[in-house]
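In the numbering used here, the protein residues as written are 609 to 859.
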């Protein structure tokens with residue numbers, strides 16, 4: 609009974625936080641120490657995970673960097689991307705602490721599937737075949753499509769991107785096999801085409817996404833394939849840590 613009650617409280621918390629207007633939140637911040645509040649919620653969620661393990665994603669297709677709660681790991685089979693029963697939230701405090709499953713829409717107007725995705729400071733880009741959708745960065749755990757998008761990738765990109773990771777200055781690397789395209793996200797412009805192994809040797813084989821860690825710094829990345837997580841140092845161009853995703857996510 610305790611487990612079910614705690615699960616219900618957690619679900620209500622996330623739904624309420626996603627729906628509360630900014631004006632109400634600002635009043636709450638004036639009355640309460642929101643950091644302590646969030647810390648207590650995270651402790652409760654972590655305690656809940658010790659009682660009941662959620663099922664980890666069987667595989668991931670991509671990952672996007674999120675606000676406050678770390679990353680969204682998305683799995684897609686025949687389901688639409690906007691079906692949030694298949695979007696997993698991981699709350700992080702240095703390392704991921706728990707897994708929380710939600711069922712409300714995150715990516716409004718998103719594609720039905722994703723080949724690759726990449727996040728920058730202000731936007732998230734979802735790539736389906738040669739179409740790329742640009743969304744505003746997360747606000748109350750939801751994203752909105754930017755006017756004028758989606759767009760087609762430039763003709764110089766002759767492949768369907770299978771993976772992507774962000775670089776500094778609103779640019780990214782789009783990858784297919786051993787070919788990469790250095791790509792200017794904001795202006796939908798290709799900077800160069802190159803060899804992946806020559807530019808970024810020793811990357812995990814068949815990785816799906818890369819996320820800078822810590823956020824906003826680009827010396828170390830978390831690269832993920834369908835089942836594993838790798839920590840990659842951009843200076844030495846080597847993997848310095850790896851483990852199964854299930855073990856890393858403690859589920």
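A virtual CB, placed ideally from N, CA and C, is assigned to each residue, including glycine.
_Close beta carbons around residue 772, own chain, < 6 Å, minus the five adjacent residues each side_ = Excluding five sequence positions before and after residue 772, the CB atoms of its chain that fall closer than 6 Å to its own CB belong to 724, 726, 780 and 782, given in chain order.
*asked:* By DSSP's criteria, residue 754 is part of a beta bridge. Which residues make up the other side?
replied: Answer is none; residue 754 lacks a bridge partner.
*What is the residue span of the alpha helix (DSSP H) that residue 806 lies within?*
Per DSSP, the continuous alpha helix (DSSP H) segment holding residue 806 begins and ends at 804-807.
_the segment 763-770 / the segment 782-791 touching (three or more Cβ pairs under 8 Å)_ = Between the segment 763-770 and the segment 782-791, the count of C-beta pairs closer than 8 Å reaches three or more; the two stretches touch.
*Under the rule that 16 or more other beta-carbon atoms within 10 Å means buried, what is residue 735, buried or exposed?*
The C-beta of residue 735 has 16 or more other C-beta atoms within 10 Å across all chains shown, which makes the residue buried.
*Any idea which residues DSSP pairs residue 784 with across the strands?*
Beta-bridge pairing links residue 784 to 787.
*Quickly, what does DSSP pair residue 838 with across the bridge? List them, please.*
According to DSSP, which records beta bridges pairwise, residue 838 is partnered with 831 and 850.
*Quick one: measure Cβ to Cβ for residue 793 and residue 778, integer angstroms, because I've assumed they're closer than 8 Å.*
Going by Cβ atoms, the distance from residue 793 to residue 778 rounds to 5 Å, so yes, they are a contact pair.
*Is it the case that the Cβ atoms of residue 739 and residue 759 are separated by a distance below 9 Å?*
In this structure, residue 759 lies closer than 9 Å to residue 739 by Cβ.
_Between residue 829 and residue 819, how many whole angstroms is the CB-CB distance? I'm expecting something under 8 Å._
Contact between residue 829 and residue 819 holds, with the beta-carbon distance rounding to 6 Å and staying under 8 Å.
*Using three-state DSSP, classify residue 855 as helix, strand or coil.*
DSSP places residue 855 within a helical segment (H, G or I) once states are collapsed to three.
*In the structure shown, what three-state DSSP assignment does residue 759 receive?*
Note: residue 759 maps to strand in three-state DSSP.
*Between residue 852 and residue 722, what straight-line distance do the alpha-carbon atoms span, to the nearest angstrom?*
The straight-line gap from Cα to Cα measures roughly 22 Å.
*Are the Cβ atoms of residue 831 and residue 840 separated by less than 9 Å?*
Cβ distance < 9 Å, so residue 831 and residue 840 count as in contact.
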